[in-house]
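A quick write-up on the structure given underneath.
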Amino acid sequence: MRSLQRSILCLCVVLISAAITGCSQKFNDVNDTIKVALFGEQDIWLDQDDVNNLPYASIYAKVSDGPQAFMVLALAEPKTRLGKHQATSQQASIKQVSAQQASLQHTTQLKWMSSDNGMLVTENGRLVKTLNLPQGNLIETISSQPDPLVLGLHLPSTPTIWQRKIDWQPGYHFGYTLQSEFTRQKDAVIIVNERPIKALYFTENVTVSSLNTEYQNDFWLHPQTGKVLKSRQKIAPSLPYVEITLLKPYS
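Letter by letter, the sequence shown follows residues -18 to -1, 1 to 233 of mature numbering (1 follows the signal peptide of the UniProt record, and there is no 0).
What follows is the structure in structure tokens.
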């Protein structure tokens, strides 16, 4: 495991050096990021000390029944504006849009990249975009409402109904409406970085009326902060699930 740690650190140094010399100022302003992840044919498991000693946010990720990958944060970008559909919504009042926009201004997109340029993009634990996955990709996620995960599902005041639109490929799947309903389940104990953690467990029942289909996403949250510690999310109605476990959070 020590040799694996040394390999990771060496690879990090090389890639960070390349990023510093080739990136714009926008990328230079992002702290503690790295453009690498380790994918293999077998599940990747790192010791707790190896994860803690790396100075980068990290996750485990697994697509469908594929191997578990250890991924490191590539980029963190603040989400500072509403999407195109959000800005033109005729159903939300000016006051509502302003409140939602203020909330989204504090949302950060985290981009986790693999060595073969595959990417997962998350916001507050929500998978909102993927890139270069062999099975297909979530192109965009748009909503005129703040995601309950952003507001904090652990709070009694957080709405349990949410609607969004998504685009995905392959095929021409654009503007499909997804209706979500969140339900709190019995608390669970999960293992994160070799430690048992008691978590709040929520299910998200997703309905796609235009396709006459339903599916379920699962989220395990930190009891005090509401941060997503683990999740199992379907990329899109016709695409597989991605299981994500947060090892070292971005801060």
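Even for Gly, the Cβ is constructed at its ideal location relative to N, Cα and C. Values in this document were obtained by computation on a predicted structure and should not be read as measured data.
Grouping DSSP H, G and I as helix and E and B as strand, with all else coil, what is residue i?
{"i": "Leu131", "result": "helix"}
{"i": "Asp31", "result": "helix"}
{"i": "Leu193", "result": "helix"}
{"i": "Gln117", "result": "coil"}
{"i": "His155", "result": "strand"}
{"i": "Pro60", "result": "strand"}
{"i": "Ser233", "result": "coil"}
{"i": "Tyr38", "result": "coil"}
{"i": "Gln206", "result": "coil"}
{"i": "Ile226", "result": "strand"}
{"i": "Gln24", "result": "coil"}
{"i": "Ile143", "result": "strand"}
{"i": "Ser220", "result": "coil"}
{"i": "Leu137", "result": "coil"}
{"i": "Lys212", "result": "strand"}
Round the Cβ separation of residue i and residue j to the nearest angstrom and send it over; I've been treating them as touching at under 8 angstroms.
{"i": "Asp149", "j": "Glu186", "result": "The pair is not a contact, with the Cβ atoms about 19 angstroms apart (cut-off 8 angstroms)."}
{"i": "Thr89", "j": "Lys61", "result": "4 angstroms"}
{"i": "Glu221", "j": "Val33", "result": "It is Leu, not Glu, that sits at residue 221 in the sequence shown. In fact, because the Cβ distance is near 28 angstroms, the residues do not count as touching under 8 angstroms."}
{"i": "Asn100", "j": "Leu113", "result": "Looking at the sequence shown, residue 100 is not Asn but Gly. Contact holds; Cβ gap of about 7 angstroms."}
{"i": "Gly107", "j": "Leu131", "result": "6 angstroms"}
Going by DSSP, which residues form a beta bridge with residue i?
{"i": "Tyr187", "result": "First, the amino acid is wrong: residue 187 is Asn here, not Tyr. DSSP output for Asn187 lists Glu163 and Gln198 as bridge partner(s)."}
{"i": "residue 251", "result": "Nothing in the structure corresponds to residue 251, since the chain is present only between -18 and 233."}
{"i": "Asp149", "result": "Glu122"}
{"i": "Ala170", "result": "Ala181"}
{"i": "Val103", "result": "Lys93 and Lys111"}
Tell me which same chain residues have a C-beta within less than 6 angstroms of the C-beta of residue i, skipping the five on either side of it?
{"i": "Trp202", "result": "Ile172, Ala181, Tyr183, Leu211 and Lys212"}
{"i": "Pro205", "result": "Leu182"}
{"i": "Glu105", "result": "Thr89 and Gln91"}
{"i": "Asp47", "result": "none"}
{"i": "Ile143", "result": "Glu163"}
{"i": "Thr159", "result": "Lys147"}
{"i": "Gln30", "result": "Asn175 and Glu176"}
{"i": "Leu115", "result": "Gly100"}
{"i": "residue 240", "result": "Past the edges of the chain, shown from -18 to 233, lies residue 240, and the structure says nothing about it."}
{"i": "Arg166", "result": "Phe184"}
{"i": "His193", "result": "Note on residue identity: the sequence assigns Leu, not His, to residue 193. Within the same chain, Leu193 has close Cβ partners Pro219."}
CB-CB under 8 angstroms to residue i, same chain, minus the five flanking residues each way: which ones, in chain order?
{"i": "Gln151", "result": "Gly118, Asn119 and Ile121"}
{"i": "Thr137", "result": "For the record, residue 137 in the displayed sequence is Leu; it is not Thr. Correct list, in chain order: Gly208."}
{"i": "Val12", "result": "In this prediction, Val12 scores a pLDDT of 40, lower than 50, which makes its location untrustworthy; the coordinate-derived value is nonetheless stated afterwards. Counting only Cβ-Cβ distances below 8 angstroms, and skipping sequence neighbours, we find Leu57, Ala58 and Glu59."}
{"i": "Val103", "result": "Gln91, Leu92, Lys93, Trp94, Leu109, Val110, Lys111, Thr112 and Leu113"}
Go through its chain and collect everything with a Cβ distance to residue i's Cβ below 7 angstroms, but skip five positions before and after it.
{"i": "Glu196", "result": "Asn187, Val188 and Thr189"}
{"i": "Arg214", "result": "Asn199, Asp200, Tyr223 and Glu225"}
{"i": "Thr227", "result": "Ile41, Tyr42, Val174 and Lys212"}
{"i": "Gly134", "result": "Thr140 and Gly208"}
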